[in-house]
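Below you'll find the structure, written out as structure tokens, and then a few comments.
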Amino acid sequence: MSTTSQETSPRVALVTGTTSGIGAAVVEEFCRQGHQVLAVDFNADGQAVADAAGAVFFQADLTDGEACRAAVAEALRRFGRLDILVNNAGIQHVSSIEEFPEAKWRQIIDLMLTAPFLLTQAAWPSMREGGWGRIINIASVHAQVASPGKAAYISAKHGMIGLTKTAALEGGSQGITANAICPAYVKTPLVDNQIADQAKLHDMDEQQVIEQIMLKNAAVKRLIEPGEVASLVAYLASDLAGAVTGASWNIDLGWTAQ
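Numbering (this note's numbering), first residue to last: 54 to 311.
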């Protein structure tokens with residue numbers, strides 16, 4: 054296969070967390086490129102998003118290991134193989150370590166670290182047999198640095214970087230690459246929902262949260278558009294990125310440049 058094409062040949066992709074934000078933008082971009090896409094989300098509203106893009110929707114609670122395996126099995130049943138896996142699904146809870154509920158900790162770790170592992174494990178045989186695979190983990194700038202009030206989220210994202218590196222080392226000889234993308238605050242419902250929680254945690258109003266917390270460490274003073282992240286996903290899923298693996302790609306508005 055030529056490595057000079059600007060976009061990879063049509064492939065089969067599974068994307069998680071697709072009802073809105075980054076996941077929805079990735080589904081739209083992949084469908085635009087002609088890929089066959091299984092869009093996986095817990096929220097039934099994801100059906101309309103998938104239909105609009107031209108993807109197939111699969112509803113699943115990815116905190117359940119069997120649901121993770123079922124999602125991959127559905128992609129294989131419908132399309133015959135699986136070439137690209139984008140682990141994007143995530144949730145957030147903001148509170149101090151002292152007050153952090155154990156049930157919420159377990160839910161976040163299950164969804165944002167255990168599920169990517171199980172999905173990768175289930176997708177691996179198809180990628181290995183095809184001699185070509187792309188695993189793209191949507192991490193966060195909080196995979197690189199920490200902030201107060203997000204113990205579970207930050208722990209999961211740091212763990213995702215380790216999973217990415219291990220998958221890259223194990224997959225290199227089999228044509229499978231693994232990379233992580235680490236955005237700062239993206240204009241998504243997940244971020245919107247954090248603003249009120251952060252305001253309560255830090256005793257400030259919501260505009261102060263945006264200016265003094267979300268954009269405090271950014272050189273570029275704006276939120277990131279989901280499509281900007283989707284564009285990097287598309288590159289990492291392409292033939293052009295065959296030599297790129299085990300890397301963490303920051304889209305962080307200059308946050309970690311300090």
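C-beta: ideal position from N, C-alpha, C; glycine also.
Given the structure is predicted, the values throughout are model-derived calculations rather than measurements.
Classification of residue i by the beta-carbon crowding that lies within 10 angstroms, buried from 16 upward
i: V79; result: buried
i: V273; result: exposed
i: G215; result: exposed
i: G312; result: Examination of residue 312 is not possible in this model, given that the chain is present from 54 through 311 alone.
i: K210; result: buried
i: N96; result: exposed
i: D94; result: buried
i: T57; result: Reliability fails at T57, whose pLDDT of 36 lies under 50, so the model's placement of it is uncertain and the value that follows must be treated cautiously. Exposed is the call here.
i: N246; result: exposed
i: M54; result: Residue confidence is low: M54 scores 34 on pLDDT, short of 50, so the model does not pin down where it sits. Its coordinate-derived value is still stated next. So M54 counts as exposed.
i: L67; result: buried
i: A142; result: buried
i: L135; result: buried
i: A113; result: buried
i: G186; result: buried
i: A249; result: exposed
i: E264; result: exposed
Spatially closest choice to residue i from the options, by CA coordinates
i: G87; options: A97, G107, G99; result: G107
i: A310; options: L254, E281, G280, Q197; result: Q197
i: R130; options: K269, V65, F83; result: V65
i: G99; options: F110, Q89, V90, L91; result: F110
i: I277; options: T219, L135, A237; result: A237
i: L306; options: S284, A103, C235; result: C235
i: D104; options: D114, A113, Q89, D117; result: Q89
i: I161; options: M213, Q112, V125, A252; result: M213
i: A126; options: A283, L172, W158; result: L172
i: A192; options: D114, V282, A221, E81; result: V282
i: S76; options: D136, R159, S284, A231; result: Correcting the residue type first, residue 76 is Gly in the shown sequence and not Ser. With distances taken between Cα atoms, G76 lies closest to S284.
i: V139; options: V297, W308, L289; result: L289
i: M165; options: E82, F132, I207; result: I207
i: A220; options: S200, P201, A249, N190; result: N190
i: N353; options: L222, H195, G299; result: Since the first and last residues shown for the chain are 54 and 311, residue 353 lies out of range.
i: Q174; options: A142, G133, A124; result: A124
i: L115; options: D163, I137, T298; result: D163
i: T71; options: A300, S226, V102, G118; result: V102
i: T217; options: A300, V239, G118; result: A300
i: Q251; options: G295, V239, P201, V297; result: P201
i: T230; options: A296, W302, F132, R159; result: A296
i: Q155; options: A205, Q265, F132, K253; result: Per the sequence shown, the amino acid found at residue 155 is Glu instead of Gln. Out of A205, Q265, F132, K253, A205 has the C-alpha closest to the C-alpha of E155.
i: D117; options: R275, E81, F83, R159; result: R159
i: A199; options: H255, A113, W185, W308; result: W308
Residue i versus residue j: straight-line alpha-carbon distance, rounded
i: V262; j: I144; result: 19 Å
i: I304; j: F170; result: 23 Å
i: V244; j: G228; result: 35 Å
i: P63; j: V286; result: 15 Å
i: T241; j: M267; result: 13 Å
i: A120; j: L91; result: 14 Å
i: D292; j: I188; result: 13 Å
i: A176; j: K203; result: 30 Å
i: N232; j: A128; result: 21 Å
i: E259; j: V147; result: 14 Å
i: G74; j: I137; result: 19 Å
i: V239; j: T298; result: 24 Å
i: C84; j: K253; result: 40 Å
i: T69; j: M257; result: 33 Å
i: S226; j: R122; result: 24 Å
i: P279; j: E82; result: 11 Å
TODO: Give, in chain order, every unbroken run of the alpha helix (DSSP H) that is at least 4 residues long and sits entirely within the region 226 to 257.
DONE: Counting only runs of 4 or more, we get 242 to 255.
- [ ] For the region 152 to 201, list the alpha helix (DSSP H) runs that are entirely contained and at least 4 residues long, ordered along the chain.
- [x] Counting whole runs of 4 or more residues, the region 152 to 201 contains the alpha helix (DSSP H) stretches 155 to 162, 168 to 183.
TODO: Could you name each continuous alpha helix (DSSP H) segment of 4 residues or more that falls completely within the region 56 to 135, going from the start of the chain to the end?
DONE: Fully contained in the region 56 to 135 are the following alpha helix (DSSP H) runs of length 4 or more, in chain order: 74 to 85, 99 to 106, 118 to 132.
Task: At least 3 beta-carbon pairs within less than 8 Å: the region 148 to 157 vs the region 175 to 184 - done: The region 148 to 157 vs the region 175 to 184: no contact.
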